[in-house]
Amino acid sequence: DSYYYLKRHIFYLLLGFSALYYGTHLDLGKLKRWAGVIFALSIVLLFLIYIPGVGKEISGASRWINLGIVTLQPSELLKFTTILIIAGILSKKKEMIEDFWHGLLPPLILVGAVSALVIIQPDLGTAVAIALTAFIMLFCAGARILHLGLLAGLGVVGITAVSITSAYRFRRLAAFIDPWKDPQGIGFHIIQSLLAVGSGGIFGSGLGGSRQKFFYLPQQFTDFIFAILCEELGFIGGVGVVALFILLAARGIRIAYSTSDSFSALLAAGLVSWLTLQALINIMVVVGLIPTTGIPLPFISFGGTATIINLFSAGILLNISLNPRKQS
Numbered sequence: 119d120s121y122y123y124l125k126r127h128i129f130y131l132l133l134g135f136s137a138l139y140y141g142t143h144l145d146l147g148k149l150k151r152w153a154g155v156i157f158a159l160s161i162v163l164l165f166l167i168y169i170p171g172v173g174k175e176i177s178g179a180s181r182w183i184n185l186g187i188v189t190l191q192p193s194e195l196l197k198f199t200t201i202l203i204i205a206g207i208l209s210k211k212k213e214m215i216e217d218f219w220h221g222l223l224p225p226l227i228l229v230g231a232v233s234a235l236v237i238i239q240p241d242l243g244t245a246v247a248i249a250l251t252a253f254i255m256l257f258c259a260g261a262r263i264l265h266l267g268l269l270a271g272l273g274v275v276g277i278t279a280v281s282i283t284s285a286y287r288f289r290r291l292a293a294f295i296d297p298w299k300d301p302q303g304i305g306f307h308i309i310q311s312l313l314a315v316g317s318g319g320i321f322g323s324g325l326g327g328s329r330q331k332f333f334y335l336p337q338q339f340t341d342f343i344f345a346i347l348c349e350e351l352g353f354i355g356g357v358g359v360v361a362l363f364i365l366l367a368a369r370g371i372r373i374a375y376s377t378s379d380s381f382s383a384l385l386a387a388g389l390v391s392w393l394t395l396q397a398l399i400n401i402m403v404v405v406g407l408i409p410t411t412g413i414p415l416p417f418i419s420f421g422g423t424a425t426i427i428n429l430f431s432a433g434i435l436l437n438i439s440l441n442p443r444k445q446s
């Protein structure tokens with residue numbers, strides 16, 4: 119069926135816009151009260167992927183739950199619920215966040231545990247996105263710069279250690295450093311991506327005019343959709359998409375500042391950071407600025423769970439924007 123992905127994507131978009139509508143009208147007070155339960159449920163779902171017959175492995179990674187006609191990716195839900203529970207914790211800490219042991223350590227333990235669970239799937243890219251989002255939320259909550267600086271240093275050391283001690287991650291790192299050393303092997307993916315981006319020129323080949331999508335560029339409809347977008351819409355189209363994500367970031371920051379309720383502000387900051395960080399990481403991978411990860415391009419890449427969760431998150435941002443909450 120040549121329209122398989124189109125029909126599935128339209129189906130996911132319909133579910134996603136329903137989730138967006140629900141998120142726009144959701145009572146955020148109830149969402150805050152149920153944050154712990156929702157987070158625990160997402161952890162349970164994450165463990166289900168290791169049960170034979172329930173979990174589904176794709177390309178060597180165990181990240182999906184087989185639901186028959188569709189699959190569920192628990193790590194996408196976990197991204198949202200982690201932001202939700204961290205916003206709840208930090209909104210209660212307030213001035214205590216400057217104290218490392220009583221304010222900063224509890225959310226750090228939570229983020230560390232979540233990141234470890236995601237890394238063993240294996241999915242280092244998602245773990246990095248979660249950690250960076252939490253880092254920004256800690257900054258917004260008022261954590262001390264000294265503490266954040268130490269965390270950043272430890273994070274770099276940890277990511278480096280995980281990358282060089284894993285065979286497949288080390289191959290990705292080698293491909294990033296010199297893809298032309300093995301153009302038909304480990305360097306094939308990034309080379310084909312760069313060819314797609316460069317061949318688009320200024321105006322592109324037109325919608326549907328991509329050649330790289332015909333079995334040259336792997337994962338062209340998911341993680342590397344931006345390369346095909348640049349090939350078909352050119353430099354102008356690529357810059358246009360980047361500009362839209364910059365606009366999303368600016369609007370999200372404004373929404374976070376528009377409310378005096380600490381939970382809503384931190385939730386907005388976390389959601390917009392997560393969405394824009396994913397876009398930044400995805401685009402940097404496509405143009406060869408960082409090693410390959412499994413991060414999709416929000417709102418554009420094919421993927422049911424990610425599309426629904428991303429649009430639901432956009433609905434939450436609209437909710438906060440339309441209903442700025444005041445401190446009692």
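Be aware that the sequence shown starts at 119, since it is given in the numbering used here, and climbs by one per residue.
Just so you know, even glycine gets a beta-carbon here, dropped at the ideal spot from N, CA and C.
A quick note: this is a predicted structure, and the numbers were derived from the prediction, not measured.
Take the Cβ of Lys148 as the centre, count every other Cβ of all protein chains shown within 10 Å, and call the residue buried at 16 or more, exposed below. Here residue 148 corresponds to residue number 30 of the sequence shown, with the count starting at 1. Label assigned to Lys148: exposed.
Use the C-beta contact count for Ala270: other C-beta atoms within 10 angstroms, 16 or more gives buried, fewer gives exposed. Residue numbering aside, residue 270 sits at position 152 when the sequence shown is read from its first letter. Under this definition Ala270 is an exposed residue.
Under the three-state reduction of DSSP, which class applies to Thr423: helix, strand or coil? Residue numbering aside, residue 423 sits at position 305 when the sequence shown is read from its first letter. Note: Thr423 maps to helix in three-state DSSP.
Within the same chain, show all residues whose beta-carbon is closer than 8 Å to that of Leu195, passing over the 5 residues directly before and after it, in chain order. Position 77 of the sequence shown, counted from the start, is the residue given in the question as residue 195. These residues qualify, in order along the chain: Ser160, Leu163, Thr423, Ile427.
For the alpha helix (DSSP H) that Ile282 lies in, which residues bound it at each end? Reading the sequence shown from its first residue, position 164 is the one you call residue 282. In the DSSP assignment, Ile282 falls within the alpha helix (DSSP H) that extends over 263–282.
Segment limits, alpha helix (DSSP H) that includes His143: On the sequence shown, residue 143 is found 25 positions in, with the first residue counted as 1. 122–143 is the span of the alpha helix (DSSP H), which, as asked, contains His143.
Could you work out which residue in Phe135, Tyr334, Leu133, Phe288 is closest to Ala314 when comparing CA atoms only? Here residue 314 refers to the residue found at position 196 when the sequence shown is read from its first residue. For the residues Phe135, Tyr334, Leu133, Phe288, the minimum Cα distance to Ala314 belongs to Tyr334.
Residues of its chain near Arg329, where Cβ-Cβ distance is below 7 Å and the 5 sequence neighbours each way are ignored: Counting from 1 along the sequence shown, the entry for residue 329 is found at position 211. So the list is empty, once near-sequence residues are dropped.
For Gly173, three-class secondary structure by DSSP: As a position in the sequence shown, residue 173 is number 55, starting the count at 1. Strand at Gly173.
Arg329, DSSP secondary structure in three states: Position 211 of the sequence shown, counted from the start, is the residue given in the question as residue 329. Correct three-state label for Arg329: coil.
If you reduce the DSSP assignment to three classes, tell me which class Leu407 lands in. Taking the first residue of the sequence shown as 1, we reach residue 407 at position 289. Coil at Leu407, not helix or strand.
Exposed or buried, which one is Glu349 when buried takes at least 16 other CB atoms within 10 Å? Mapped onto the sequence shown, residue 349 falls at position 231. Under this definition Glu349 is a buried residue.
Let me know the secondary structure DSSP gives Leu149 once reduced to three states. Taking the first residue of the sequence shown as position 1, residue 149 is located at position 31. Helix at Leu149.
Out of curiosity, what's the CA-to-CA distance linking Lys197 and Ala432? Locating residue 197 in the sequence shown gives position 79, where the first residue counts as 1. Locating residue 432 in the sequence shown gives position 314, where the first residue counts as 1. Rounded to the nearest angstrom, the two C-alpha atoms are 14 Å apart.
What is the DSSP secondary structure of Thr377, reduced to helix, strand or coil? In the sequence shown, the residue the question calls residue 377 occupies position 259. Correct three-state label for Thr377: coil.
Nearest to Leu395 by alpha carbon, out of Asp300, Leu312, Ile254, Gly173? Translated into the one-based positions of the sequence shown, residue 395 becomes position 277. Nearest option by C-alpha distance: Ile254.
Compare the C-alpha of Leu202 against each of Asp241, Trp152, Leu429, Leu250 and name the closest. Translated into positions along the sequence shown, residue 202 becomes position 84. It is Trp152 whose Cα lies nearest to the Cα of Leu202.
Indicate whether at least one CB of chain C lies closer than 8 Å to the CB of Gly171. Looking for chain C here will not work: only one protein chain is present.
Cross-strand partners of Thr200 (DSSP beta bridge): Within the sequence shown, numbered from 1, the residue matching residue 200 stands at position 82. None, per the DSSP bridge assignment.
With a threshold of 16 other CB atoms inside 10 Å of the CB of Val275, please say whether the residue is buried or exposed. In the sequence shown, the residue the question calls residue 275 occupies position 157. Val275 comes out exposed.
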